[in-house]
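Undergrad: Next up is a structure, given as structure tokens.
Residue numbers (my numbering): 1218 to 1369.
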């Protein structure tokens, strides 16, 4: 028995199988589950001050909020990244815009940071702003926006 498998048919078969593989991988990953569950009944949309935001660091398995470019996101579904003791916990409960834009870490939030005005980010480079916009896109797709960051 001979098959009529031409190079074109082989490529089309490979592309089809690869597409099915990627779709099934997406449907069964944690990210897909996070996307499906991203609405948080715990937190209502509102305006947040930096001091209010600072209470949401994920301590005691509580919600985790992060502000990026004036918007506040509930990133609790990303507890493995932003939770207590995790690599990106330094961003939790604060305006992380500058840190994300410059891809830097610090020792955590200070009282001086809480008392300072919201960072206007005017001194960031174009490259920093492009990086920050990428994070805004990521957060907007992956996490629920629960409000706006405002001055006290």
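The C-beta atom is built at its ideal place from N, Cα and C for all residues, glycine as well.
1) For residue 1274, which of helix, strand or coil comes out of DSSP?
2) For the 8 angstroms Cβ check, are there 3 or more pairs between the region 1329-1343 and the region 1224-1239?
3) Which of the three DSSP states is assigned to residue 1346 in this structure?
4) Measure the Cβ-Cβ separation of residue 1314 and residue 1286 and say whether it is below 7 angstroms.
5) Is residue 1366 helix, strand or coil by DSSP?
6) Shortest alpha-carbon distance to residue 1193 belongs to which of 1351, 1360, 1294 and 1312?
7) Could you work out which residue in 1230, 1262 and 1329 is closest to residue 1291 when comparing CA atoms only?
8) Determine the DSSP secondary structure at residue 1289, reduced to helix, strand or coil.
9) Leaving aside the five residues before and after residue 1288 along the sequence, list all residues of the same chain whose C-beta is less than 6 angstroms from its C-beta, in chain order.
10) Reducing DSSP to helix, strand and coil, say where residue 1230 ends up.
11) To which residues does DSSP link residue 1361 through a beta bridge?
12) Keeping to the same chain, check which residues put their C-beta closer than 7 angstroms to that of residue 1352; ignore five residues upstream and five downstream.
13) Closer than 7 angstroms by C-beta to residue 1260: which residues in its own chain qualify, once you throw out the five before and the five after it? Chain order, please.
14) Identify which residue in 1232, 1299, 1269 and 1221 has its Cα closest to the Cα of residue 1278.
15) Can you tell me whether residue 1176 is helix, strand or coil according to DSSP?
16) Identify, in the order they occur along the chain, each residue of the same chain with its Cβ nearer than 7 angstroms to the Cβ of residue 1253, setting aside the five sequence neighbours on each side.
TA: Taking the structure as given:
1) strand
2) no
3) helix
4) yes
5) strand
6) Because the chain here runs from 1218 to 1369, residue 1193 falls outside it and cannot be looked at.
7) 1262
8) strand
9) 1362
10) helix
11) 1291
12) 1285 and 1317
13) 1280, 1291 and 1363
14) 1299
15) A question about residue 1176 goes unanswered here, because the residues of the chain that appear run from 1218 up to 1369.
16) Below a pLDDT of 50, predicted positions are generally treated as unreliable, and residue 1253, at 44, falls in that range; no measurement from the model is reported.
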